[in-house]
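Novice:
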Amino acid sequence: MEFFRKTLDPIIALSAIAVLDIFMFLLMGAWTVGGGETMMTGLMAQAVLGDELQRIPFWNVVFPPHADYWKIYISLGMLFGAFVGAVLSKEFYWRVPRHLSEWILITIGGLLMGFGIRLAYICNVSTFFGLMPEMNLGGYLAMSGIVAGAWVGSMIYKKMLEGDV
Amino acid sequence: MTPVVECLVAFLFGSVAGLLMQRSRFCNTAALRDAIMFKTYRNTKAMLVAMMILTIGFTGFMSVGAGHPLQFDVGLNTFAGLFLFGIGMVLAGACTVSTWVKAGEGNIGALWALIFTFVGMFLFSLVWSASWWPPAPQTMTGQVNLPALQLGFANAQTLQDKLGVPAIVFGLVQTALLFALYRGILRRERAQHAEHEKHQKEHQKKKAAKVATVEA
């Protein structure tokens with residue numbers, strides 16, 4: 034099938050996703066990832082800590098863990114869809130970072146992403162594909178933040194590539 | 009809709025989105041990073057087109073009171089959180105979308121980023137439990153609350169309610185601005201292309217002159 038042989042134009046892909054996202058907006062709410070990831074964190078923490086989790090107010094007040102939270106399944110769907118796409122186009126293979134520096138950068142990056150999402154109450158998907166199109170004030174604040182952050186991150190990355198850090 | 013149906017719809021949407029992103033190599037991180045670092049805009053253009061479609065769609069439906077817009081107060085934490093996120097996504101080489109998509113392609117680094125995103129979220133839950141800031145959704149008022157560094161809640165719907173102008177009008181203004189940005193990128197790409205061709209022609213001329221000298 035041609036679809037699995039050639040790379041799809043991202044403008045076509047994102048336009049199709051945008052149309053589906055409008056349906057999501059009408060049914061339940063716009064495309065988001067951070068909320069589902071937080072719920073997964075809560076569920077995993079509950080599995081490990083059991084009732085001890087009740088002692089952390091955040092998980093009682095802000096995000097009481099529930100497995101039937103729909104936002105979780107957007108993320109699991111993306112994992113599944115990407116897996117199917119990769120297998121059918123013969124692009125699935127294990128890719129493992131080779132250098133210790135990559136592992137360190139990914140670890141720091143992951144921690145900053147998780148911490149940042151919860152501090153802001155939103156993720157980058159909500160920023161660009163939810164809040165901004167809803168013209169929410171938070172969308173403009175978040176976009177300014179992510180552009181500034183991406184600029185700082187890019188400068189750090191550039192310095193590392195040039196071997197200054 | 010029952011929660012089970014909601015979860016099924018969400019899974020279906022996620023699956024199609026994941027498939028389309030895998031096939032198109034779309035990456036949100038690249039949309040910002042590549043524009044800043046390499047002055048290439050493949051992903052940035054796609055993101056802008058999606059935002060234009062969504063702005064018209066969302067504000068259009070909001071004009072007639074349809075849809076489920078996000079509702080929570082925003083403030084300094086919104087800027088600061090996404091600032092940290094922006095640094096993190098460039099360092100990790102993936103954002104919330106691409107971590108799932110790349111993990112689905114067998115990328116262990118993306119899976120590692122995802123695990124530490126969960127850890128980062130858990131760490132924040134501890135910090136929040138000590139500071140109780142930013143305000144929990146239950147205590148959000150929708151109003152400006154400067155001592156808590158909160159600016160309240162406002163979107164195209166609240167603008168419509170306050171000013172009596174349909175939300176879609178504001179949406180069209182935003183779409184026009186996004187389109188201007190998109191056209192600016194196209195112009196820049198054309199200039200880059202012309203520059204590249206000029207360099208190539210000059211290079212070929214020099215090469216031909218060198219060959220002629222050697223032959224002479």
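The listed protein sequences correspond, in order, to chains A and B.
Residues are numbered in this note's numbering as their position in the first sequence, beginning at 1, plus a constant of 33.
Residues are numbered in this note's numbering as their position in the second sequence, beginning at 1, plus a constant of 8.
The C-beta atom is built at its ideal place from N, Cα and C for all residues, glycine as well.
1. Taking CB distances under 8 Å as the criterion, tell me whether lysine 53 of chain B reaches chain A.
2. Could you give the uninterrupted runs of the alpha helix (DSSP H) lying entirely in the region 52-138 of chain B, keeping only those of 4 residues or more?
3. Between the beta-carbon of leucine 112 of chain A and the beta-carbon of glycine 73 of chain B, is there less than 8 Å?
4. State the start and end residues of the unbroken beta strand (DSSP E) segment that holds glycine 160 of chain B.
5. Measure the beta-carbon distance from glycine 147 of chain A to phenylalanine 132 of chain B and round it to whole angstroms, keeping in mind my assumption that it falls under 8 Å.
6. Give me the chain B residues within the contact set of glycine 163 of chain A, using Cβ-Cβ distance strictly less than 9 Å, ordered along the chain.
7. Counting only beta-carbon separations shorter than 8 Å, does valine 72 of chain B have a partner in chain A?
8. Can you find the residues in the same chain that come closer than 7 Å, C-beta to C-beta, to glycine 172 of chain A, ignoring five residues on each side of it along the sequence?
9. Less than 7 Å between C-beta atoms, sequence neighbours within five positions excluded: which residues of the same chain meet that for methionine 61 of chain A?
10. Are there 16 or more other CB atoms within 10 angstroms of the CB of leucine 170 of chain A, so buried, or fewer, so exposed?
11. Among all the DSSP beta bridges, which residues are the ones paired with arginine 191 of chain B?
12. Residues bridged to arginine 128 of chain A by DSSP?
13. Compare the Cα-Cα distances from valine 12 of chain B to each of A:Ile150, A:Tyr106, A:Val94 and report the closest residue.
14. Closest to arginine 128 of chain A by C-alpha separation, out of B:Thr104, B:Cys103, B:Phe91, B:Leu119, would be which residue?
15. Out of A:Leu41, A:Phe56, A:Asn93, A:Leu174, which one is the CA nearest neighbour of phenylalanine 66 of chain B?
16. Any Cβ of chain B within less than 8 Å of the Cβ of lysine 192 of chain A?
17. Do you know how far the Cα of valine 127 of chain B is from the Cα of valine 81 of chain A?
18. Mind checking the region 55-88 of chain A against chain B and listing, in chain order, the residues whose C-beta falls within less than 9 Å of any C-beta there?
19. Taking C-alpha atoms, which residue in A:Cys156, A:Gly143, A:Leu121 lies nearest to arginine 38 of chain A?
20. Just by C-beta distance, which residues in the region 174-206 of chain B are closer than 8 Å to chain A?
21. If we count the other Cβ atoms within 10 Å of its Cβ and call it buried at 16 or more, is glutamine 151 of chain B buried or exposed?
22. With 8 Å set as the bound, which would you pick, yes or no: does the beta-carbon of glycine 196 of chain A sit closer than that to a beta-carbon of chain B?
23. Which one or two residues does DSSP pair with asparagine 153 of chain B in a beta bridge?
24. Using a Cβ-Cβ cut-off of less than 8 Å, list which residues of the region 116-137 of chain A approach chain B; keep chain order.
Specialist: The structure says:
1. Residue contact with chain A for lysine 53 of chain B: present (Cβ-Cβ distance below 8 Å to some residue of chain A).
2. Whole alpha helix (DSSP H) segments, 4+ residues: 84-100, 104-112.
3. Taking 8 Å as the cut-off, the Cβ atoms of leucine 112 of chain A and glycine 73 of chain B do not count as close.
4. Counting along the chain, the beta strand (DSSP E) containing glycine 160 of chain B begins and ends at 158-160.
5. 7 Å between Cβ atoms; contact.
6. Contacts between glycine 163 of chain A and chain B, judged by CB atoms closer than 9 Å, involve Leu62, Phe66, Pro77, Leu78 in chain order.
7. It does not: the Cβ of valine 72 of chain B has no partner Cβ on chain A nearer than 8 Å.
8. The beta carbon of glycine 172 of chain A is closer than 7 Å to those of Thr160, Leu164, Met165 in its chain, skipping five residues each way along the sequence.
9. These residues qualify, in order along the chain: Trp103.
10. Result: buried.
11. According to DSSP, which records beta bridges pairwise, arginine 191 of chain B is partnered with nothing at all.
12. Secondary-structure assignment with DSSP links arginine 128 of chain A through a beta bridge to B:Asn115.
13. Of A:Ile150, A:Tyr106, A:Val94, the smallest CA-CA separation from valine 12 of chain B is found for A:Tyr106.
14. Comparing Cα-Cα distances from arginine 128 of chain A to each of B:Thr104, B:Cys103, B:Phe91, B:Leu119, the minimum goes to B:Leu119.
15. It is A:Phe56.
16. Answer no: the Cβ-Cβ gap between lysine 192 of chain A and chain B never drops below 8 Å.
17. Roughly 13 Å separates the two Cα atoms.
18. Against chain B - using a Cβ distance shorter than 9 Å - the residues of the region 55-88 of chain A are Ile55, Phe56, Met57, Phe58, Leu59, Leu60, Met61, Gly62, Ala63, Trp64, Thr65, Val66, Gly67, Gly69, Glu70, Thr71, Met73, Thr74, Gly75, Met77, Ala78, Arg88.
19. Nearest C-alpha to arginine 38 of chain A: A:Leu121.
20. With the criterion set as a beta carbon lying under 8 Å from some beta carbon of chain A, the members of the region 174-206 of chain B are Ala175, Phe178, Gly179, Gln182, in sequence order.
21. Using a 10 angstroms sphere on the CB of glutamine 151 of chain B, the tally of other CB atoms stays under 16, which defines it as exposed.
22. Not one chain B Cβ lies under 8 Å of glycine 196 of chain A.
23. In the DSSP output, where bridge partners are listed per residue, asparagine 153 of chain B has B:Gln158.
24. If the cut-off is 8 Å between Cβ atoms, the region 116-137 of chain A has Phe116, Val117, Gly118, Ala119, Ser122, Glu124, Phe125, Tyr126, Trp127, Arg128, Val129, Pro130, Glu135, Trp136 near chain B.
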